[in-house]
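These protein sequence lines map, in sequence, to chains A and B. Here my numbering is used: the first residue of the first sequence is 1, the next is one more, and so on. Here my numbering is used: the first residue of the second sequence is 1, the next is one more, and so on. Ideal Cβ placement from N, Cα and C applies to all residues, glycine included. The structure appears below as structure tokens.
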Amino acid sequence: MVIKMHHAKATDMSPPYRYMVSKNFTRFPGGRRKQHGPHSGEEFRETVVLPLLDKHEFVVFDLSGSAGYSSGFLDEAFGELGAILGLQEARRRISIVADDDPESVETAWRRIEDAAQERDRK
Amino acid sequence: MNLSEGAPWWLTIVLTFLGAGIAHFLTAYRDRARESCGWIERWRADAKSLIKEIANAATSHYLDQDAVGRTGISAALIINNLKRLQGCLRETECENASDAKRTMDALRHFTDTITGPDDFQDELRSMRPGGSEIFRMIRDAEAELLDSVRMSRKRRVDE
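Spelled out as structure tokens, the structure:
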């Protein structure tokens, strides 16, 4: 899937799109890959994250209200964005929030940073 | 006022009330300090117990055939307890900023070590062999987190 990297000024002004994982995806996130079971990080990235970024200029992912996220899920769901978009572009286009789970937000961003650094080294 | 006349009568009353006020303040202060100290000790015991519970559950999760058979439930319980631990650690703040960073780093390392492996929520996974490296890593991460809980802390007061 191709993620838009260049946008017209008009789309830059569009309001952020808010996606609540616990309401729209699942309250019980699964493991890392699709083969590990339902609601995996890979499934989330492929069916939610990338299509949303293809449609919207800025997306807010709200992780609140779920039973909790494994590091594998967060790595697979968000980490890859660092490799696809780069850190600066990822910061410009997405926000990750969680009222009840700030650690997951930290972990997701750390994975994005790691992947972006990996991409820069190549 | 002539010194030979002694202290004025009203000073006796003022000093009596001042003394009573100071005594009351000191007693209340001592009670608060004792209560706060007791709270931190109870918090520390709860945090340690939760860390040990999670580490033991994680070891069983990878080693126990029963846990392998109900991977979804076992993983969900561990994730739920990790979230509880996160909340528990946020109830206090370290007196030293570098200790606070060390605690959060230790929590992340603990969480990553347990929930990071590919097979953590793999419903088709198999049991890990007893000598697997992951068990040492879980115990190391547990020890690191327990160390950080022993650091000097105070109860967090939300604004």
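Inset, instruction - Determine the burial state of A97 of chain B: buried for a count of at least 16 other Cβ atoms within 10 Å of its Cβ, exposed for fewer. - result: For this step, residue 97 of chain B is matched to residue 97 along the second sequence. A97 of chain B should be labelled exposed.
Legend entry - Neighbour list for R155 of chain B in chain A, Cβ cutoff strictly below 7 angstroms: In the second sequence, residue 155 of chain B corresponds to position 155, counting from 1. None at all; the shortest Cβ gap to chain A is about 19 angstroms.
Inset, instruction - With a threshold of 16 other CB atoms inside 10 Å of the CB of D112 of chain B, please say whether the residue is buried or exposed. - result: Mapped onto the second sequence, residue 112 of chain B falls at position 112. By the 10 Å Cβ count, D112 of chain B comes out buried.
Legend entry - Residue span of the beta strand (DSSP E) that contains T92 of chain B, given as start and end: As a position in the second sequence, residue 92 of chain B is number 92, starting the count at 1. Counting along the chain, the beta strand (DSSP E) containing T92 of chain B begins and ends at 92-94.
Legend entry - Beta-ladder partner(s) of S95 of chain A, from DSSP: Along the first sequence, read from residue 1 onward, the residue named residue 95 of chain A stands at position 95. Looking at the DSSP assignment, S95 of chain A forms a beta bridge with A:V60.
Inset, instruction - Assess, as a yes-or-no matter, whether the region 68-76 of chain A is touched by the region 76-95 of chain B under the definition of 3 or more beta carbon pairs within less than 8 angstroms. - result: yes
Inset, instruction - Just list the beta strand (DSSP E) runs in the region 56-107 of chain B, keeping only unbroken ones of 3 residues or longer that don't cross its boundaries, in chain order. - result: 92-94
Inset, instruction - Could you give the DSSP three-state label for M143 of chain A: helix, strand or coil? - result: Any question about residue 143 of chain A goes unanswered here, given that chain A covers just 1 to 122.
Inset, instruction - Report the residues of the region 41-71 of chain B with a CB closer than 7 angstroms to any CB of chain A, ordered along the chain. - result: none
Legend entry - chain B within 8 angstroms of F124 of chain A, Cβ atoms only: Coverage of chain A is limited to positions 1 through 122, which leaves residue 124 of chain A absent and any answer about it impossible.
Inset, instruction - Report back the beta-carbon spacing between H61 of chain B and A67 of chain B to the nearest angstrom; my notes put them in contact at under 8 angstroms. - result: For this step, residue 61 of chain B is matched to residue 61 along the second sequence. For this step, residue 67 of chain B is matched to residue 67 along the second sequence. That pair is a contact at about 5 angstroms.
Inset, instruction - Please check if any C-beta of chain A sits within less than 8 angstroms of the C-beta of L145 of chain B. - result: Position 145 of the second sequence, counting from 1, holds the residue named residue 145 of chain B. By this cut-off, L145 of chain B is not an interface position.
Legend entry - Cβ contact (3+ pairs, closer than 8 angstroms) linking the region 88-108 of chain B and the region 43-59 of chain A: no
Legend entry - Secondary structure of R128 of chain B, DSSP reduced to three states: Position 128 of the second sequence, counted from the start, is the residue given in the question as residue 128 of chain B. Note: R128 of chain B maps to coil in three-state DSSP.
Inset, instruction - Report yes or no: do three or more beta-carbon pairs, one from the region 72-87 of chain A and one from the region 114-131 of chain B, lie closer than 8 angstroms? - result: yes
Legend entry - Contact under 8 angstroms by Cβ, Q121 of chain B with E103 of chain A: Locating residue 121 of chain B in the second sequence gives position 121, counting from the first residue. Locating residue 103 of chain A in the first sequence gives position 103, counting from the first residue. In this structure, E103 of chain A does not lie closer than 8 angstroms to Q121 of chain B by Cβ.
Legend entry - Continuous beta strand (DSSP E) stretch holding K55 of chain A: start and end: What you label residue 55 of chain A is simply residue 55 of the first sequence in a count that begins at 1. Run containing K55 of chain A: none in the beta strand (DSSP E); it sits in the alpha helix (DSSP H), 50-55.
Legend entry - Three-state secondary structure (DSSP) of K52 of chain B: Here residue 52 of chain B refers to the residue found at position 52 when the second sequence is read from its first residue. Three-state result, K52 of chain B: helix.
Inset, instruction - Give every residue of the same chain whose Cβ lies closer than 6 angstroms to the Cβ of G30 of chain A, excluding the five residues on either side of it in the sequence, and list them in chain order. - result: Numbered from 1 along the first sequence, position 30 holds the residue referred to as residue 30 of chain A. Once the five neighbours on either side are set aside, the close Cβ partners of G30 of chain A are G37, P38, H39, S40.
Legend entry - Contact the region 142-150 of chain B vs the region 92-110 of chain A: 3+ CB pairs below 8 angstroms: no
Inset, instruction - Find the residues of chain A that neighbour F135 of chain B, judging by a C-beta separation of less than 8 angstroms, and give them in chain order. - result: Here residue 135 of chain B refers to the residue found at position 135 of the second sequence. Under the 8 angstroms cutoff, chain A gives no residues; its nearest Cβ is about 18 angstroms from F135 of chain B.
Legend entry - Alpha carbon of L18 of chain B to alpha carbon of A98 of chain A, nearest angstrom: Reading the second sequence from its first residue, position 18 is the one you call residue 18 of chain B. Reading the first sequence from its first residue, position 98 is the one you call residue 98 of chain A. Using only the alpha carbons, I get a separation of about 51 angstroms.
Legend entry - Continuous alpha helix (DSSP H) stretch holding R111 of chain A: start and end: By one-based count along the first sequence, residue 111 of chain A stands at place 111. Residues 102-121.
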